[in-house]
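Encoded as structure tokens, the structure appears first; notes follow it.
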Amino acid sequence: MSKEYEAVIGLEVHVELNTKTKIFCGCSTAFGGSPNINVCPVCSGMPGSLPVLNRAVVDKAISIGLATNCNITRNSKFDRKNYFYPDNPQNYQISQLYYPICRDGKIEIETENGKKFVRIHEMHMEEDAGKLIHNTFTGETYVDFNRSGVPLVEIVSEPDMRSADEVLAYLDKLRLTVQYLNASDCKLNEGSMRVDVNMSLREKGTEKLGTRTETKNLNSFKAIKRCIENEFERQADILDAGEKVVQETRRWDDDKGYSYTMRSKEDAQDYRYFPDPDLVPLIIDDEWLARIKASQPELRDEKKERYAREYGIPEYDIGLITEYKELANIFEDGVNSGADPKKVSNWIIGETLRLAKDFETDIADISFSGKNLASLIKLLDEKKINNTIAKQVFEHVFKENVNPVEYAEKNNLIIKTDTGALAEMVKKAVAANPKAVADMKAGKKKAMGAIVGFVMKEMKGKCDPAEVNKLVMEELAKL
Amino acid sequence: MQISDDMIKYVAELAKLELSDEHKEQAKKDMSDMLEYVNTLNELDTSNVEPMSHCFPVANVLRDDVVTNSNDRDNMLLNAPDKSEDSYIVPKTF
Ligand SMILES: [Zn+2]
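Sequence order for the protein chains is A and B. In terms of the numbering used here, the first sequence opens at residue 1 and continues consecutively. In terms of the numbering used here, the second sequence opens at residue 1001 and continues consecutively.
Here is the structure:
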């Protein structure tokens, strides 16, 4: 009978910080565009060039450190990690080994067995590498240094996770924290968040750690889950067969659904870290720390509590709205503009998410103003538009952030309160639909729809269906 | 300090250098001399000296997060041994 195993998982997470410029030079970090346009002597590793640290990188790193309950290293510095690869123009990466900016943090996650803490071993600042583009046709490799020198933080957890679900809970918490801090957009599929999984198995009930593997190239939460399940099976089979797991780095192939060996421990690299003489020490004094502390925004957990307390909307709504800070911002903006919290919430978790799905819009890219949503709700409350029109107008709020009042007026969508005109139209509808009228008289209530529909169509939807119903009934009673 | 054959082979590998036997001997001698030279520093008693992480008494040299560079691609590519219109070309990697 095979033994029962427990997974022991730690993560190394790289997060690309969303500063305007690179970590050590004044080159833009803007995405897209042509290769090598945001490159200077520093980030292309020209001899004699000198790196100068970007203050905003330190600010964001401290901010993440504080939000993840880390100790901030007051005397920090940078080291060189030496290796040769064409994406690394200096032949070393500037990183932090000896005095990383943050240490000893923890993140609370929800698991099926309740809450637990995942400890953070350390977090350091470093620079990203360039990008290699392989041309299979010519067999040449092109190098683009636009990403070279883009700031990263690497967050190294302790091996505190025991399942794929715990890993996903930790990553989700980390992602949301960093996004709320406006330190990164944390998109796995675009590489602004990269996850390496360190994993070993041990027999349940034992303490001693087994030999671990590290798996790279995980570009989605789904891939991470599959990879962990796959690696569990692989290591369990090896252990069941009485063999030993080899310490190695593996690469996940999501199309094929398995991982393969990238490099084993024998050819592990010797990075020969040493202090970077080009960069002077970084001292974080009380004042600096206090400044970051004072500017920490409200994080998700705090927001969740406050929404329940101040707005009394359901927990389900709160969960969906705070899942993305962009939605939370729209919600708060809407409520602060005077709209009813539950109504704002309904538009966000209903129409907004539906449109995002229909138009394949990334939720993080939704940017209409809550104020416009609030004025749409006001138009509805005042019965100046009906639900169908409201949805039409909202689509334009969603896409182009139009002002609903201006838009509805310009497109002649406001319900005419001119009851005389409406009454005329109802008379016309009754006259134009003799069959429906006859059916109604014969007791077929469904025929009403044809008459009301006629009016709605003629009035281009700018009327309250309930009002139309009432007027039609009155008109029929006269006959 | 004596540098072993294995050590010089390892260092050469890390530095991606191919050394002839003659060069290897020379490198062994040079490296030994360097370490010897550095060893002289160990003669100084530093037990009462605060360790420093940099040779200059300066800290926190920082810049603001403002873009100061613009597209200088053509100049940047001037030094490249091989290039395309917009990129460096390097031997094929995998
Ligand atoms: Zn640069």
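Ideal placement from N, C-alpha and C gives every residue a C-beta, glycine not left out. Small disclaimer: the values here were computed from a predicted structure and weren't measured.
Item	Value
Beta-carbon within less than 6 Å of A:K225's beta-carbon, same chain only, minus the 5 sequence neighbours each way: which residues are those?	A164
Counting only beta-carbon atoms, is A:M125 nearer than 9 Å to chain B?	no
DSSP three-state label for A:L355, please.	helix
A:A241: buried (16+ other C-beta within 10 angstroms of its C-beta) or exposed?	exposed
By the criterion of Cβ-Cβ separation under 7 Å, what are the contact partners of B:D1065 in chain A?	T19, K20, T21, N54, R55, A56
Find the residues of chain A that neighbour B:N1039, judging by a C-beta separation of less than 7 Å, and give them in chain order.	Going along chain A, no residue has its Cβ under 7 Å from B:N1039, so there is no contact; the nearest lies around 18 Å.
Should A:G33 be listed as close to ligand 1, given that the test is whether its C-beta is under 8 Å from any heavy atom?	no
If I follow the unbroken beta strand (DSSP E) through A:C227, where does it start and stop?	Taken as a continuous stretch (DSSP letters only), A:C227 belongs to no beta strand (DSSP E), being part of the alpha helix (DSSP H) at 221 to 240.
Would the beta-carbon of A:G48 be found less than 8 Å away from any heavy atom of ligand 1?	no
Terminal residues of the continuous beta strand (DSSP E) containing A:Y5?	5 to 16
Listed in chain order, which residues of the segment 138 to 170 of chain A have Cβ atoms closer than 7 Å to some Cβ of chain B?	G139, E140, T141, Y142, V143, D144
Can you find a CB in chain A that lies within less than 9 Å of the CB of B:P1091?	yes
Short of 8 Å Cβ to Cβ, which residues in the segment 377 to 393 of chain A face chain B?	none
Just the C-alpha distance for B:T1093 and A:D185, rounded to the nearest angstrom, thanks.	30 Å
Would you verify that the beta carbon of B:L1077 is, or is not, closer than 9 Å to some beta carbon of chain A?	yes
By DSSP's criteria, A:K343 is part of a beta bridge. Which residues make up the other side?	DSSP lists no partner for A:K343.
If you run the structure through DSSP and keep just helix, strand and coil, what is A:L299?	coil
Applying a beta-carbon distance threshold of less than 9 Å, which residues of chain A neighbour B:D1086?	S34, P35, N36, I37, Y142, D144
Please report the straight-line C-alpha distance between A:K115 and A:E108, rounded to a whole angstrom.	7 Å
If the criterion is Cβ atoms closer than 9 Å, does the pair A:I155 and A:T68 meet it?	yes
If you draw a straight line from the C-alpha of B:H1023 to the C-alpha of B:D1033, how long is it?	15 Å
Just the Cα atoms here: how many angstroms apart are A:K383 and A:F368?	23 Å
Are the beta-carbon atoms of A:Y83 and A:P275 separated by less than 9 Å?	no
Rounded C-beta distance between A:I366 and A:S345? I'm assuming under 8 Å.	Not really, about 15 Å apart at Cβ, beyond 8 Å.
Verify the contact flag: A:S184, CB atom, against every heavy atom of ligand 1, threshold strictly below 8 Å.	no
Please compile the residues from chain A whose C-beta is within a distance smaller than 8 Å of the C-beta of B:D1072.	V39, C40
So with CB distances below 7 Å, who are the chain A contacts of B:S1053?	K77, P275, P281
Assess contact between the segment 140 to 157 of chain A and the segment 30 to 50 of chain A, defined as three or more Cβ pairs (one per stretch) separated by less than 8 Å. Is contact present?	yes
Given this structure, state the Cα-to-Cα distance separating A:T206 from A:F137, to the nearest angstrom.	53 Å
So is A:T21 buried or exposed if we call it buried at 16+ other beta carbons inside 10 Å?	buried
A:K22: beta carbon under 8 Å from a heavy atom of ligand 1?	yes
So that I know if they touch, is there some Cβ in chain A lying closer than 9 Å to that of B:V1061?	yes
Can you give me the C-alpha to C-alpha distance between A:P341 and A:D253, rounded to a whole angstrom?	45 Å
Using a C-beta cutoff of 9 Å, does A:Y92 count as contacting chain B?	no
Indicate whether the contact test is met: 3 or more Cβ pairs, each with one atom in the segment 1 to 17 of chain A and one in the segment 188 to 196 of chain A, closer than 8 Å.	yes
Which of helix, strand or coil does DSSP assign to A:Q93?	strand
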